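Asker: Structure provided below as structure tokens; questions to follow.
Structure below.
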């Protein structure tokens, strides 16, 4: 075993960094994968990625973090509602994360699920956490070792220190829309959901005044890694430098990928609207725009 690791210097660590440090004292690696599927009515549904973790392989020593059952509020009005401090502390401790642990999280997709877990830990006062850049996709593509089966976490005691400023609620967003709060709104949904061409919820479109920065366009399509700083700045455009940036999507997941990218760019006042469009569209009085006037959707890139 090697010496205990210092806190990560950045929100991202590379696959090489993780390979070099596997087995280090105090390191916990967590697979936060969630599997999405299309339901008969056309809506997107979600399943735990635990079976995939068991049968298709994971990073050696990685434990499984269940975003659906453990790291969300089961009584929340919407899927993936953040848990309260007590529930989060229990889930984090059961995962093996305690004071002094260094946590590296990844998923099998484009990093949005890992970003969500990363944001949750930060929102409960924990900064010794990083996302594996490229996730399981890059790890596998590089021919690195994968193992099958369950890894039992070593229980720990996690002490939450909530940071409410990392979240925005509906009233906060309403104040921005009315011009009573100085902040930029960033919509992380796909371009056609932003414009209203594709309807995924009860009502179509985006919150007025939003900048479109689709979370899927924040990742290099070939390497599955987060884009470089210049490309990210182009994606977020006029939102950068605002007194506060509030990200949202359908349910607070893609918004976490945007929050991660904004943090990489040095933005210090970023919050996620946890209810996102799930909550917003449920209020028939909450305004939506369906034109492209608010901001053009960003274009995908391979680099």
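In the numbering used here, the protein residues as written are 42 to 344.
Glycine residues also receive a C-beta, built at the ideal position from the N, C-alpha and C atoms.
Quantities reported herein were computed from a predicted structural model and do not represent experimental measurements.
(1) Going by C-alpha to C-alpha distance, which of 223, 72 and 81 sits closest to residue 90?
(2) Have a look at 253, 118, 241 and 193 and flag the residue whose alpha-carbon is nearest the alpha-carbon of residue 274.
(3) Run the CB neighbour count on residue 243, radius 10 Å, all protein chains shown included, and call it buried at 16 or more, exposed below.
(4) Taking only runs of the alpha helix (DSSP H) that begin and end inside the stretch 69-130, which ones reach a length of at least 4 residues, in chain order?
(5) With burial defined as no fewer than 16 other Cβ atoms inside 10 Å of the residue's Cβ, what is the status of residue 315: buried or exposed?
(6) Of the choices 150, 164 and 156, whose alpha-carbon is the least far from that of residue 129?
(7) Just mark residue 75 as buried or exposed, buried being the case when its beta carbon has 16 or more other beta carbons within 10 Å.
(8) Where are the alpha helix (DSSP H) runs, 4 residues long or more, that stay fully inside the stretch 154-198, in chain order?
(9) Could you check the C-alpha separation between residue 267 and residue 176 for me, to the nearest Å?
(10) Hey, out of 317, 284 and 291, whose CA is closest to residue 307's CA?
(11) Report the residue ranges of all alpha helix (DSSP H) runs contained in full by the stretch 260-336; include only those spanning at least 4 residues, in chain order.
(12) In the stretch 223-262, which residue ranges form an unbroken beta strand (DSSP E) of at least 3 residues, counting only runs that do not cross its ends?
(13) Identify, in the order they occur along the chain, each residue of the same chain with its Cβ nearer than 7 Å to the Cβ of residue 95, setting aside the five sequence neighbours on each side.
(14) According to DSSP, simplified to helix, strand and coil, what is residue 46?
(15) Can you tell me the Cβ-Cβ gap for residue 142 and residue 182, rounded? I've got them flagged as a contact below 8 Å.
(16) Express the C-alpha separation of residue 229 and residue 329 in angstroms, rounding to a whole number.
(17) Just to confirm my understanding: we take residue 202, look at its own chain, exclude 5 residues before and 5 after, and list those with CB closer than 7 Å. What are they?
(18) I'd like the list of long-range same chain contacts for residue 84, defined as Cβ closer than 8 Å, with 5 residues on each side in sequence excluded.
(19) Do residue 133 and residue 162 have their C-beta atoms closer together than 9 Å?
Answerer: With the structure as the only source:
(1) For the purposes of this step, residue 90 is taken as residue 49 along the chain shown, with counting starting at 1. Nearest in C-alpha terms to residue 90, of all of 223, 72 and 81, is 72.
(2) Residue 274 sits at position 233 when you count from the first residue of the chain shown. The residue from 253, 118, 241 and 193 with its alpha-carbon nearest to that of residue 274 is 253.
(3) By 1-based counting over the chain shown, the position of residue 243 is 202. It is exposed - the Cβ of residue 243 has fewer than 16 other Cβ atoms within 10 Å.
(4) 91-97
(5) Position 274 of the chain shown holds residue 315. That one is buried.
(6) In the chain shown, residue 129 corresponds to position 88, counting from 1. The candidate whose alpha carbon is nearest that of residue 129 is 164.
(7) On the chain shown, residue 75 is found 34 positions in, with the first residue counted as 1. With 16 or more Cβ atoms within 10 Å of its Cβ, residue 75 is classed as buried.
(8) 176-182
(9) Position 226 of the chain shown holds residue 267. Position 135 of the chain shown holds residue 176. So the two alpha carbons sit approximately 10 Å from each other.
(10) As a first step, residue 307 must be located in the chain shown, where it is residue number 266. Residue 284 is the option with its Cα nearest to residue 307.
(11) 270-277, 295-305 and 317-321
(12) 225-228
(13) Residue numbering aside, residue 95 sits at position 54 when the chain shown is read from its first letter. 189, 190 and 191.
(14) For the purposes of this step, residue 46 is identified with residue 5 of the chain shown, where counting begins at 1. Residue state, collapsed to three classes: coil.
(15) The count along the chain shown starts at 1 and reaches residue 142 at position 101. The count along the chain shown starts at 1 and reaches residue 182 at position 141. So it is not a contact: roughly 28 Å between Cβ atoms.
(16) Numbered from its first residue, the chain shown carries residue 329 at position 288. Numbered from its first residue, the chain shown carries residue 229 at position 188. Their backbone Cα atoms lie some 15 Å apart in a straight line.
(17) Residue numbering aside, residue 202 sits at position 161 when the chain shown is read from its first letter. 165 and 166.
(18) Taking the first residue of the chain shown as 1, we reach residue 84 at position 43. These residues qualify, in order along the chain: 241.
(19) For the purposes of this step, residue 133 is taken as residue 92 along the chain shown, with counting starting at 1. For the purposes of this step, residue 162 is taken as residue 121 along the chain shown, with counting starting at 1. Yes. Within cutoff.
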